[in-house]
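First the structure, in the form of C-alpha cells, and then the observations on it.
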Amino acid sequence: MNKSFKFAYNAAIVVAAAAAAMGIGAIVLAAVGANIGKAYLVILTEPLKDMIGITEIVVRAIPLSLIALGIAIAFRSGILNIGAEGQMMMGILASSATAIALPDLPRPLLVPLAILAGAAGGALWGGIAGVLKARLGVNEILSTVMLNYIAAQFYTFLLRGPMMDPEELVMGSGTPQTVRIPRGAWLDRILPGTRLHTGAFIALGLALVVFFLLWRTSAGFRMRAAGAEAKAARYAGVSVERYLIIAMLLSGALAGIAGSVEILGVHRRAIEGVTGGYGFTGIVVALFGGLHPAGIIPASLFFGLLLLGADMTQRLADVPANMVLVLQGAIILAIVSARQFMNNPYAQDKAARLLSRLFGKPEPPAPPGSIEACPDPSDSVDPCLAGEPQEATR
Amino acid sequence: MGHEPIRSLELRGITKRFPGILACDHIDLSVGEYSVRALVGENGAGKTTLMNILMGLYQPDEGHILINGKEVRFRSPNDAFDHGIGMVHQHFMLVQNMTVVENVALGMKSAHLPFRLDLASVRKKIVEVSERHELPVNPDAMVWQLSVGEQQRVELVKTLCLGARFLILDEPTSALTPQETDELIALLSKMSGELSIVFISHKLHEVKALSDTVSILRRGRIVFEGRTENHSPSELAALMTGHEVELPRVDSTGLDRSGDRGLLSIRDLRVRGDRGNLALDGVTLEIAPGEIIGLAGVSGNGQRELAEALNGLRRPESGSINLDGVELAGSSASRIIAEGMGYIPEDRNTEGIVPSFSVRENLVLKDIGQRDWSRGGFLRLGAIAANAAGLRERFDIRCPSTDTAAGSLSGGNIQKVILARELARGPKALVAVYPTRGLDMGAEEFIHKQLLARRAEGVAILLISEELEEIMNLSDRVAVIYKGKILKVVPGRDATKRSLGLLMAGVSDE
Chain A
25 MNKSFKFAYN AAIVVAAAAA AMGIGAIVLA AVGANIGKAY LVILTEPLKD MIGITEIVVR
85 AIPLSLIALG IAIAFRSGIL NIGAEGQMMM GILASSATAI ALPDLPRPLL VPLAILAGAA
145 GGALWGGIAG VLKARLGVNE ILSTVMLNYI AAQFYTFLLR GPMMDPEELV MGSGTPQTVR
205 IPRGAWLDRI LPGTRLHTGA FIALGLALVV FFLLWRTSAG FRMRAAGAEA KAARYAGVSV
265 ERYLIIAMLL SGALAGIAGS VEILGVHRRA IEGVTGGYGF TGIVVALFGG LHPAGIIPAS
325 LFFGLLLLGA DMTQRLADVP ANMVLVLQGA IILAIVSARQ FMNNPYAQDK AARLLSRLFG
385 KPEPPAPPGS IEACPDPSDS VDPCLAGEPQ EATR
Chain B
30 MGHEPIRSLE LRGITKRFPG ILACDHIDLS VGEYSVRALV GENGAGKTTL MNILMGLYQP
90 DEGHILINGK EVRFRSPNDA FDHGIGMVHQ HFMLVQNMTV VENVALGMKS AHLPFRLDLA
150 SVRKKIVEVS ERHELPVNPD AMVWQLSVGE QQRVELVKTL CLGARFLILD EPTSALTPQE
210 TDELIALLSK MSGELSIVFI SHKLHEVKAL SDTVSILRRG RIVFEGRTEN HSPSELAALM
270 TGHEVELPRV DSTGLDRSGD RGLLSIRDLR VRGDRGNLAL DGVTLEIAPG EIIGLAGVSG
330 NGQRELAEAL NGLRRPESGS INLDGVELAG SSASRIIAEG MGYIPEDRNT EGIVPSFSVR
390 ENLVLKDIGQ RDWSRGGFLR LGAIAANAAG LRERFDIRCP STDTAAGSLS GGNIQKVILA
450 RELARGPKAL VAVYPTRGLD MGAEEFIHKQ LLARRAEGVA ILLISEELEE IMNLSDRVAV
510 IYKGKILKVV PGRDATKRSL GLLMAGVSDE
C-alpha cells in the first residue's frame with residue numbers, strides 16, 4: 025500500500041461520512057418540510073458570499089480554536105476536560121472585572137493584564153478539577169461537568185448582582201450585564217465594518233505555542249507520556265500527578281483566554297449567553313482536528329462556518345436554527361464514527377485487496393511471515409478516540 | 030450441546046492476512062480422536078492466529094475447517110462451542126470476584142432460565158465433571174481466593190462443563206510452578222483418553238511429555254510435522270527457530286565474593302501490597318558488583334512489590350535499600366533512576382514503554398530532562414534521533430524506522446528497546462523482572478547474553494523470574510521467595526530444579 029492509496033482511502037472515508045451526515049440531515053429537514061437542497065446550499069455557501077460572512081466565520085473560530093487548543097493539551101495529557109464552558113465563564117468574569125476595575129491603565133498594559141486575568145480565572149477553574157483528580161482520584165468528567173454548573177450559576181449571580189451595570193438597575197430594562205469595558209482594554213477590529221478582531225492573531229500565536237509546548241519541550245514530552253501511558257511514565261520517573269495538574273491549569277487558562285478575547289474583541293461587556301456552547305463545540309473541534317494545532321485551526325473554521333450557516337438558514341431558508349443543530353450533531357457523529365475507519369490499517373488492507381480483486385490488478389504479495397513489519401506510526405488509531413485513556417490509579 | 034463427537038478435525042489451506050503480514054499461509058492441520066497434537070513455534074509464528082480462527086474469533090481469508098469430514102463455518106466462539114470445541118486461554122478468562130459456580134454459569138446457556146439462574150444444575154455439572162476427570166475444585170470458592178494452579182483447573186472444568194470434546198490449550202503452563210506443571214501434564218495425558226487436545230507451547234520438554242504428534246509453525250507455515258517420540262527437544266528447537274539455539278550460562282566457579290560489600294543491599298525491607306497485606310516481610314539481600322542474584326518464586330509472593338519498592342514506585346514501610354552507599358528507601362522514582370538503578374519491568378507494554386510513542390522517544394523516556402536530550406526545556410530532536418540510530422544498531426532492534434510506534438513492534442523487539450534504554454544509561458544495578466516472559470528462544474538468547482555482559486562489567490543484577498531454567502543458567506546465587514520472605518539463598522551451581530521447586534512451594538526443610 026502506498027501513500028497515495030492511503031490518502032485516497034482516507035478521503036473516501038471522509039466523503040462517505042459527510043454523505044451519511046447529509047443523508048441523516050436530509051431526513052430531518054424533510055420531516056420539518058424544508059427545501060432540502062436550498063437549506064444545504066445556504067449552510068455551506070451563504071456565509072462565504074461576502075466579507076461580512078467570512079469575517080463572522082473567523083469571529084466564531086477564534087474562541088473555538090482557543091478552547092480546542094486547551095482541550096488538546098488536556099486530552100493529550102490523559103485528562104478529559106469537559107469543563108471548558110465553565111472555565112470560559114470564569115475567564116470572562118476575571119477579565120472583565122479586571123478591565124472595569126482599572127480603567128485608567130494605559131492600553132499596552134491593560135489589554136495583556138485583562139487577558140492574563142482571564143487566563144488565571146480559567147486556570148483556577150480547571151486547576152480545581154486537576155487537583156481533585158491528582159490528589160483524590162476524582163473522575164475529571166464528573167468534576168468538570170459539575171464545575172460547569174457552579175460556574176454558570178456564579179456567572180448569572182454576578183451579572184445580576186454585584187457586577188451588574190448600575191444604570192440598568194436605575195433606568196434600564198434590568199438586562200443582566202456589566203458596564204461597558206473601558207476602551208483601553210478593547211481588542212482592535214482588523215477590518216472596518218466587520219467584527220473581526222485581533223484575537224485572531226492571539227489564537228494563531230497560541231496555536232504555535234501549544235505545538236511547541238507539546239512536541240518540542242521536555243515538559244510537553246512528559247505530559248504526552250503521562251497521557252499516553254500513565255504507568256510507563258510513572259515507571260520512567262515522571263511525576264504523573266504534577267503534569268496532570270499542569271495540563272488542567274493550561275487547559276483552563278486557554279478556555280479563560282477564549283472568554284476574555286471574546287469579551288474584549290466582540291461584546292465589550294460581559295453579558296449572558298456569551299459562551300453559548302463554545303465550551304462543548306470546542307471539544308468536538310479538538311477531536312475533529314486530531315488534537316493537534318495544525319488540525320484544530322482548520323477545524324475551528326469549519327465549525328465556525330456551520331454555526332454561522334445555522335443562523336442564516338433560519339432567515340434565508342426558513343428552517344429553524346434548532347434543526348441545523350440536529351444536522352450538526354449528525355455530522356459530528358458521522359465524523360467521529362468515521363475516525364474508526366480512517367488510518368485503520370486493517371480496514372485499509374481489506375479495501376486494497378478488494379480493489380485489486382475487483383480491477384484484476386495483481387495483488388501485492390505480502391512478504392510471508394514478515395512479522396517485523398510494523399505499520400506506519402500514523403496508522404495507529406487515535407488513542408483518544410480508540411477508548412478511554414488509562415485511568416491513573418494510585 | 031448434544032452434538033456428535035468429534036472424530037476428526039481438519040484445517041485445510043487456512044490463510045489469514047494482516048496488513049503487511051501473512052499470519053497463516055495455507056496451513057493444513059488435522060487432529061484425530063483421542064490424540065494430543067502439540068503446536069509449537071516462536072512468537073509471531075501464527076499459532077494464536079490459527080487457533081483464533083478455529084475458535085471463530087477470526088474469519089480465515091482462505092481455507093476450510095472440516096469436522097468429521099464435513100465443512101463447518103464458525104462465525105463466533107459460540108459456533109465453535111456448539112461443535113464441542115473449547116479453548117483455555119493463556120490469560121485466564123475468569124471473573125475474579127465471582128464464585129466458581131457463577132463463572133461457569135456465565136457461559137452455560139442451559140442454566141439461564143427465564144427470570145432465574147439455575148445455579149443448582151451448574152453446581153451438579155461441575156461436581157460431575159470434576160469427579161470424572163479428577164479435577165478437584167471447590168464450586169463455592171471465589172476465584173480470587175484460588176491459586177494460579179487452581180484457577181487453571183477451574184478453566185478446564187468450565188470448558189468441559191460447556192461441553193467441550195476438543196480442547197485447545199494456549200500455553201497452559203506459563204503461570205504454573207514446576208510441580209503444578211507436572212500435575213497438569215499428568216492430568217492432561219489422562220484426559221486425552223476421552224478428548225482430543227491441541228497443546229500450544231514453546232516449552233519443548235512439555236511437548237515431549239504430553240503430545241503424540243507435533244507440528245512446528247514458522248512464519249505462518251507448517252515447516253515440520255511428525256511423531257513427537259522420534260525427535261529430541263534440541264532437534265525440535267532447531268526446527269522451530271531455523272538455527273541451533275544455545276542459551277548462555279553463567280560461569281561463577283572460582284569466584285569468592287565473601288569479602289565484597291554489596292553494591293545493592295536490601296535490609297529488612299517490609300512493604301505492603303495493594304490489599305494492605307504485608308507483601309514483603311523483612312527481605313534482606315546483598316548483591317555484589319558483577320553478581321546476578323536470581324529470585325525464584327511463584328508469582329504473587331512479593332516479587333512485584335519488591336521490584337516496585339526498589340524503584341520508588343511503592344513506599345516501603347520499613348527497612349533500607351542502599352545503592353552504592355546511597356540510601357534510597359522511600360525516595361521518588363526519579364531520584365532512584367538518577368542514582369543509577371536500571372529496571373526492566375514486568376509488563377513491558379504498559380510499564381516499560383509508552384506504546385504510542387516512537388522507538389526513539391521511548392529510548393529517552395527516562396532522561397528527557399538531561400542536557401543530552403533537551404536544552405533550556407527544548408528537545409534536541411537531532412540528538413534524540415542519533416541516539417536511537419546508534420542503539421538500534423547496537424541492540425539489533427528490528428523496526429522499519431526509529432520513528433515507528435514502539436507498541437507496534439513484536440514483544441522481543443519491545444524488550445530490546447527497554448533493554449537498550451536501561452543499559453545505555455550505564456546503571457550500577459539492574460532489576461530485571463521476568464525479562465524473557467513470552468519471548469521466543471532467539472530473543473531469550475539475546476537478552477541472556479546482554480545480562481551476562483553487564484554482569485562482567487560489574488553491574489549488580491537482581492533477576493526475578495519463574496523460569497527455573499533461566500534462573501539456574503544465569504544466577505551466581507539463587508534466592509527463593511515465598512509469602513514475602515526469602516526462604517533460602519543457595520549458590521547457583523548447587524541449585525536443582527527439584528530443590529528450587531520444593532522451596533518455591535514453601536517447603537524449606539529437606
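Protein sequence lines correspond, in order, to chains A and B. With our numbering as the guide, the letters of the first sequence map in order to residues 25 to 418. With our numbering as the guide, the letters of the second sequence map in order to residues 30 to 539. The beta-carbon is built from N, C-alpha and C at its ideal position, and this holds for glycine as well. Just so you know, these numbers come straight off a predicted model, no measurement behind them.
How many whole angstroms separate the CB atoms of residue i and residue j, which I take to be in contact at a CB cut-off of 8 Å?
i                      : j                      : result
residue 393 of chain B : residue 413 of chain B : 5 Å
residue 164 of chain A : residue 95 of chain A  : Contact flag wrong, Cβ pair sits at about 12 Å.
residue 188 of chain B : residue 124 of chain B : At roughly 15 Å, the Cβ-Cβ gap does not stay under 8 Å, so residue 188 of chain B and residue 124 of chain B are not in contact.
residue 60 of chain B  : residue 228 of chain B : Not quite, the Cβ-Cβ distance comes to about 10 Å (not below 8 Å), so this is no contact.
residue 83 of chain A  : residue 333 of chain A : Rounded, the Cβ-Cβ distance is 14 Å, inconsistent with contact.
residue 91 of chain A  : residue 303 of chain A : 6 Å
residue 511 of chain B : residue 535 of chain B : 5 Å
Quick check on residue i: buried or exposed, where buried means 16 or more other Cβ atoms within 10 Å of its Cβ?
i                      : result
residue 219 of chain B : exposed
residue 390 of chain A : Low per-residue confidence applies at residue 390 of chain A: pLDDT is 42, beneath 50, and the placement is therefore not dependable, though the value from the model is reported in the following sentence. Per the 10 Å Cβ criterion, buried.
residue 366 of chain A : buried
residue 34 of chain B  : exposed
residue 549 of chain B : Residue coverage of chain B in this structure runs from 30 to 539, which leaves residue 549 of chain B outside it and unanswerable.
residue 207 of chain B : buried
residue 131 of chain A : exposed
residue 344 of chain B : exposed
Return the CA-CA distance between residue i and residue j, expressed in angstroms with no decimal places.
i                      : j                      : result
residue 247 of chain B : residue 226 of chain B : 21 Å
residue 454 of chain B : residue 448 of chain B : 10 Å
residue 71 of chain B  : residue 46 of chain B  : 18 Å
residue 427 of chain B : residue 485 of chain B : 26 Å
residue 111 of chain B : residue 514 of chain B : 47 Å
residue 423 of chain B : residue 39 of chain A  : 46 Å
residue 43 of chain A  : residue 57 of chain B  : 45 Å
residue 479 of chain B : residue 371 of chain B : 14 Å
residue 490 of chain B : residue 327 of chain A : 57 Å
residue 393 of chain A : residue 90 of chain B  : Because the pLDDT of residue 393 of chain A is 38, which lies under 50, any placement of that residue in the model is unreliable, and the question is left without a value.
residue 398 of chain A : residue 254 of chain B : The predicted model places residue 398 of chain A with a pLDDT of 35, which falls under 50 and marks its position as unreliable, so this point remains unresolved.
residue 401 of chain B : residue 443 of chain B : 23 Å
residue 73 of chain B  : residue 482 of chain B : 28 Å
residue 279 of chain B : residue 243 of chain B : 32 Å
residue 32 of chain A  : residue 172 of chain A : 41 Å
residue 241 of chain A : residue 193 of chain A : 51 Å
residue 62 of chain A  : residue 71 of chain A  : 14 Å
residue 386 of chain A : residue 29 of chain A  : Low local confidence applies: a pLDDT of 49 at residue 386 of chain A is under 50, so the model's placement there is unreliable, with the coordinate-based value given in what follows. If I take the Cα positions, the gap works out to 15 Å.
residue 161 of chain B : residue 217 of chain B : 13 Å
residue 312 of chain B : residue 507 of chain B : 14 Å
residue 309 of chain A : residue 323 of chain A : 6 Å
residue 169 of chain A : residue 348 of chain B : 44 Å
residue 290 of chain A : residue 222 of chain A : 10 Å
residue 451 of chain B : residue 434 of chain B : 19 Å
residue 81 of chain A  : residue 202 of chain A : 26 Å
residue 357 of chain A : residue 385 of chain B : 25 Å
residue 445 of chain B : residue 425 of chain B : 8 Å
*Where in the segment 454 to 528 of chain B do unbroken runs of the beta strand (DSSP E), each at least 3 residues long, occur, reported from the N-terminal end onward?*
458 to 462, 489 to 494, 506 to 511, 514 to 520
*What residues from the segment 382 to 407 of chain B come within 8 Å of chain A, judged by C-beta to C-beta, listed N to C?*
Flagged, chain order: 382, 383, 384, 385, 386, 387, 390, 394, 395, 397, 398, 402, 403, 406, 407.
*Contained beta strand (DSSP E) runs [length at least 3] in the segment 311 to 346 of chain B, N- to C-terminal order*: As far as the segment 311 to 346 of chain B is concerned, its whole beta strand (DSSP E) runs of at least 3 residues are 321 to 325.
_Runs of alpha helix (DSSP H) lying entirely within the segment 125 to 168 of chain A, each at least 4 residues, in chain order_ = 131 to 160
*With 7 Å as the C-beta to C-beta threshold (strictly closer), list the residues of the segment 233 to 244 of chain A near chain B in chain order.*
240, 241, 242, 243
*What are the residues of the segment 242 to 261 of chain A that lie near chain B, defined by any Cβ-Cβ distance shorter than 8 Å?*
242, 243, 245, 246, 248, 249, 252, 253, 255, 256, 257, 258, 259, 260, 261
*asked:* Could you tell me which whole alpha helix (DSSP H) segments of length 4 or greater appear in the segment 172 to 240 of chain A?
replied: 190 to 194, 223 to 240
*What runs of the beta strand (DSSP E), each 3 residues or longer, lie entirely inside the segment 69 to 117 of chain B?*
As far as the segment 69 to 117 of chain B is concerned, its whole beta strand (DSSP E) runs of at least 3 residues are 91 to 96, 99 to 101, 114 to 117.
*Completely contained alpha helix (DSSP H) runs for the segment 231 to 309 of chain B, where each covers 4 or more residues*: 233 to 239, 262 to 270
_Near-chain A residues of the segment 357 to 378 of chain B - C-beta to any C-beta below 9 Å_ = 361, 362, 363, 364, 365, 366, 367, 372, 374, 376, 378
*Which residues, in order along the segment 341 to 356 of chain B, keep a beta-carbon less than 7 Å from a beta-carbon of chain A?*
342
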